[in-house]
Amino acid sequence: MPMTKQLSVAIIDSNPALGSGISIQREDPPDPRVSTVTPASISFLQDTGAWKYVEQNRHAYFKKMQVWDYTGFGYARYDAGDVNKDFLGCVAENKVLHSALLSCVKDSDFKTTFYPLRLTSMTLNTNSMSTVESIPSKELSSAQGHTSKLQLSDGSSIYAKLVVGADGGKSRVRELAGFKTTGWNYSQNAIICTVEHTSANHCAWQRFLPNGPIAFLPMGDNFSNIVWTMSPTESKDRKSITEEMFLKDVNSALDEGYGPHPTSSSVGTRDLFSWLKMDATLSANESFEIPPKAIRLASERMVFPLSLRHASSYASKRVVLIGDAAHTIHPLAGQGVNLGFGDAFSLSRVIAEGIALGSDIGEVCYVFDAYFMVFIRLRPCLDKQLN
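Each residue of the sequence shown is one higher than the one before, counting from 1 in full-length UniProt numbering.
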């Protein structure tokens, strides 16, 4: 946004790729760590200029989705045409998204400094400061009383009017700022990997099994990503079994394992989504389909424990939390990264509006917290019900 171009930005992250860049080769096998990006998030990334970099690397739009469970009682199919869209979402490797955002930052007009270091301590000064201009180094000593001090792992310090904690579910910023959290472990793990299949896949598939859902997400080039929720014991076993046995389990879970194929679509689906139809053709009664067969593991199998962690608030004076630092949720609907992009969009608007009014950007983030208060209260409840 033009309003924010006058700001100086410091990015603190010990990931060495910040300095050297993220190397991505088209011939590299797909990474198992992926995100499903919604049309709203894509629109945001297009506005920031980052999406063009995503499109230069491997990604896969999908326009269809099929959801069913192991009982065989019903299924639901959706098509982008149901809501007059060209696609329902896009699957991209996390490293592609990281590289795209990094390229966007480097090509922007912001005065940006990268610190490939760890944040060791933080002193949040709550005094007000009316100006929003960058602080010249020669005036830094007189301005330090109006900013927050961040101590880095090499012993150096930097000062900021606003600290944005975008550092993940184990956020150091959240810890140092003293934000309280609530949450729980699900006693479930997700095993993720990339598989190859013989035919193209342009549909996102999800089947609900007795111990958790399995998702089969298109990645392009006859690759798909597996996200399979199960008990910790099962995940340990399935990570260690042979490739042949694992592929057999995957294909069974996506076919007739655990129960028969559904014979009819879910009752009431047409009525449930009739308000979305408008002049589009509803796909709810399309025939049930079986996903492509996985024939080869194209990546390692990785296992992650699943949990919910939610901050009691997203902002205090001079610090704000976004993304997983504010809310870590179950990957069931693939919404974690999209909630994070929504946070970034909302925060950028709040900062721009504050600058337009001549406010201290370290104070305006209370507006951000108030804006999300209803979600702060409801998200843990909704997540628990979905699980």
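Ideal Cβ positions, reconstructed from N, Cα and C, are used throughout, including at glycine.
All values reported here derive from a predicted model rather than from experimental measurement.
Does DSSP put Y70 in a helix, a strand or coil?
-> Here the question's residue 70 lines up with position 70 in the sequence shown. It is coil, neither helix nor strand.
With which residues is K305 paired in a DSSP beta bridge?
-> For the purposes of this step, residue 305 is identified with residue 305 of the sequence shown, where counting begins at 1. It should be pointed out that residue 305 corresponds to Pro in this sequence rather than to Lys. DSSP, once it has assigned bridges, lists N189 as partnering P305.
Between Y186 and L97, is the Cβ-Cβ spacing less than 7 Å?
-> Within the sequence shown, numbered from 1, the residue matching residue 186 stands at position 186. Within the sequence shown, numbered from 1, the residue matching residue 97 stands at position 97. Cβ distance not < 7 Å, so Y186 and L97 don't count as in contact.
Specify the secondary structure class of G346 as computed by DSSP and reduced to three states.
-> For the purposes of this step, residue 346 is taken as the residue at position 346 of the sequence shown. The sequence given here has Ser at residue 346, not Gly. Reduced to three states, the DSSP call for S346 is helix.
So which of G362, A298, L254 has the shortest CA-CA distance to D69?
-> Looking up residue 69 in the sequence shown gives position 69. With distances taken between Cα atoms, D69 lies closest to L254.
Spatially closest choice to T224 from R26, P30, M3, by CA coordinates = Taking the sequence shown and counting its residues from 1, one reaches residue 224 at position 224. The amino acid at residue 224 is misidentified as Thr; the sequence shows Ser. Minimum Cα distance to S224 is reached at P30.
Would you kindly report the start and end of the unbroken beta strand (DSSP E) that includes N225?
-> Taking the first residue of the sequence shown as position 1, residue 225 is located at position 225. Per DSSP, N225 belongs to the beta strand (DSSP E) from 223-230.
Should the stretch 162-172 be regarded as contacting the stretch 319-328, the criterion being three or more beta carbon pairs within less than 8 Å?
-> yes
Tell whether a beta-carbon distance below 7 Å holds between K106 and I22.
-> Within the sequence shown, residue 106 is the residue found at index 106, counting from 1. Within the sequence shown, residue 22 is the residue found at index 22, counting from 1. No.
If we call anything under 7 Å between Cβ atoms a contact, is C104 one with T147?
-> Counting from one through the sequence shown, the residue named residue 104 turns up at place 104. Counting from one through the sequence shown, the residue named residue 147 turns up at place 147. Taking 7 Å as the Cβ cut-off, C104 and T147 do not qualify as a contacting pair.
Under a Cβ-count criterion, where at least 16 other Cβ atoms within 10 Å of its own Cβ denotes burial, should L357 be classed as buried or exposed?
-> Numbered from 1 along the sequence shown, position 357 holds the residue referred to as residue 357. L357 comes out exposed.
Buried/exposed call for R296, threshold 16 Cβ in 10 Å = Here the question's residue 296 lines up with position 296 in the sequence shown. By the 10 Å Cβ count, R296 comes out exposed.
What are the start and end residues of the beta strand (DSSP E) that includes E93?
-> Working through the sequence shown from its first residue, we reach residue 93 at position 93. First-last of the beta strand (DSSP E) with E93: 89-93.
Between which two residues does the beta strand (DSSP E) containing I295 stretch?
-> On the sequence shown, position 295 is the one that residue 295 refers to. Here the beta strand (DSSP E) through I295 covers 294-297.
Anticipated Cβ contact below 8 Å, S153 with R207, distance rounded | Residue mapping note: residue 153 aligns to position 153 of the sequence shown, counting from 1. Residue mapping note: residue 207 aligns to position 207 of the sequence shown, counting from 1. Rounded, the Cβ-Cβ distance is 45 Å, inconsistent with contact.
Under three-state DSSP, which class holds H98?
-> For the purposes of this step, residue 98 is taken as residue 98 along the sequence shown, with counting starting at 1. DSSP places H98 in helix when its eight states are reduced to three.
DSSP-derived helix/strand/coil call for S240 = Your numbering for residue 240 matches position 240 in the sequence shown. Of the three classes helix, strand and coil, the one that applies to S240 here is helix, per DSSP.
Whose C-alpha, out of G155, S287, A160, S312, is nearest the C-alpha of K180?
-> To locate residue 180, count along the sequence shown from 1; it is residue 180. That would be S312, whose Cα lies nearest to the Cα of K180.
Tell me, please, which residues DSSP counts as bridged to T4.
-> Stepping through the sequence shown from its first residue, residue 4 is reached at position 4. Its beta-bridge partners do not exist; DSSP assigns none.
Assumed close pair I355, M3 - CB separation to whole angstroms, cut-off 8 Å = Position 355 of the sequence shown holds residue 355. Position 3 of the sequence shown holds residue 3. Yes, I355 and M3 are in contact; Cβ-Cβ is about 5 Å, under 8 Å.
Taking only runs that begin and end inside the stretch 154-191, name each unbroken alpha helix (DSSP H) of 4 or more residues, in chain order.
-> 172-177
Label W51 either buried or exposed according to how many other C-beta atoms from any shown protein chain fall within 10 Å of its C-beta, with 16 as the threshold for buried.
-> Translated into positions along the sequence shown, residue 51 becomes position 51. Classification for W51: buried.
For L272, name the three-state secondary structure that DSSP assigns.
-> Sequence index remark: in the sequence shown, residue 272 carries index 272 (1-based). Reliability fails at L272, whose pLDDT of 46 lies under 50, so the model's placement of it is uncertain and the value that follows must be treated cautiously. Three-state result, L272: helix.
Proximity of residue 422 and R318 at Cβ, strictly below 7 Å = This structure does not reach residue 422, given that the chain is present from 1 up to 387, and the question cannot be answered.
Secondary structure of P262, DSSP reduced to three states | The sequence position of residue 262 within the sequence shown is 262, counting from 1. Note: P262 maps to coil in three-state DSSP.
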